[in-house]
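Here the structure comes first, spelled out in structure tokens, and everything after it is commentary.
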Amino acid sequence: MNWGAQSEFGFMKQVLMFRPGDEVGMVDRYGPESMDYRQPVSIAKFQDEFDQLTAAFTAEGCRIELVNDILKDDADVQRYISRRPNMVFTRDLAAVTYGGAIISRMARKTRRGDTFVIKRALERLGVPILTEIQLPGTVEGGDYIFLDE
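In terms of this note's numbering, the sequence shown opens at residue 162 and continues consecutively.
What follows is the structure in structure tokens.
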């Protein structure tokens, strides 16, 4: 299997994503700010926009790997994600290089546990885990930019 994304603008062959589900309802139940959202969320609209995005990727020849499908039989993961409305933001959780994955450590306490889900999904896909960011460090998807291969 090939993996690694060293470009912010190149053609994607394969992407790991998470389709939003009922867990997003927590945003309205507990308040958007408490879940790191800016406003209430329509689950149906969120899912429709997600489906349109994945359809566009697929139309361009990109293979979609859904965390939801990869880990559907993992009871620990299913329990966890049922309470985690931010799982859809998978790019924050790891950086995948040609050598394997670097697992993030999230700055926001509300996201800190999310990385174990992405780590399991990557392992199931056969992507080696190079390292995990440890205390006191924090690194998230928006904290780095791939400049070149």
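Glycine included, every Cβ here is placed at the ideal spot set by N, Cα and C.
G261 - containing beta strand (DSSP E), residue span = Position 100 of the sequence shown, counting from 1, holds the residue named residue 261. Taken as a continuous stretch (DSSP letters only), the beta strand (DSSP E) holding G261 covers 261-264.
Within the same chain, show all residues whose beta-carbon is closer than 6 Å to that of D312, passing over the 5 residues directly before and after it, in chain order.
-> The chain is shown only over 162 to 310; residue 312 falls outside these bounds and no answer can be derived.
Evaluate L177 with the Cβ neighbour count: other Cβ atoms within 10 Å of its Cβ, from every protein chain shown; 16 or more gives buried, anything less gives exposed.
-> Position 16 of the sequence shown, counting from 1, holds the residue named residue 177. Burial call: buried.
What residue range is occupied by the uninterrupted alpha helix (DSSP H) comprising E348?
-> With the chain running from 162 to 310 in the structure shown, residue 348 is simply not present.
Using 8 Å as the threshold, is the stretch 246-257 in touch with the stretch 274-283, meaning 3 or more CB pairs across them?
-> yes
Just tell me which of F277, T299, F170 has its CA closest to the CA of R266.
-> As a working mapping, residue 266 is identified with position 105 in the sequence shown. Ranking the options by Cα distance to R266, first place goes to T299.
Considering only the beta carbon of each residue, do I204 and V228 sit closer than 8 Å?
-> Translated into the one-based positions of the sequence shown, residue 204 becomes position 43. Translated into the one-based positions of the sequence shown, residue 228 becomes position 67. Not a contact, by the Cβ cut-off of 8 Å.
Buried/exposed call for P289, threshold 16 Cβ in 10 Å | By 1-based counting over the sequence shown, the position of residue 289 is 128. P289 comes out exposed.
For the beta strand (DSSP E) holding R224, just list the boundary residues, first then last.
-> Numbered from its first residue, the sequence shown carries residue 224 at position 63. It spans 224-227 - the beta strand (DSSP E) in which R224 sits, taken as one unbroken run.
Do L286 and I231 have their C-beta atoms within less than 8 Å of each other?
-> Position 125 of the sequence shown holds residue 286. Position 70 of the sequence shown holds residue 231. Cβ atoms of L286 and I231: closer than 8 Å.
Please list, in chain order, all residues of the same chain as Q175 whose beta carbon is under 7 Å from its beta carbon, the five residues on each side excluded.
-> Reading the sequence shown from its first residue, position 14 is the one you call residue 175. Counting only Cβ-Cβ distances below 7 Å, and skipping sequence neighbours, we find C223, R224, E226.
Cβ shell of V278 (< 6 Å), same chain only, five flanking positions each side left out = Numbered from its first residue, the sequence shown carries residue 278 at position 117. Here the set comprises V238.
Taking buried to mean at least 16 other C-beta atoms within 10 Å of its own C-beta, is R273 buried or exposed?
-> As a first step, residue 273 is located in the sequence shown; it is residue number 112 there, counting from the start. Exposed, because fewer than 16 other Cβ atoms sit within 10 Å of the Cβ of R273.
Smallest Cα separation from E193: which of T271, Q208, Y241, E169?
-> For the purposes of this step, residue 193 is identified with residue 32 of the sequence shown, where counting begins at 1. For clarity, residue 193 is Pro in the given sequence; the question names Glu instead. For P193, the nearest C-alpha among the options comes from T271.
Pick helix, strand or coil for L296, following the three-state DSSP scheme.
-> Counting from 1 along the sequence shown, the entry for residue 296 is found at position 135. The answer is coil: DSSP assigns L296 none of H, G, I, E or B.
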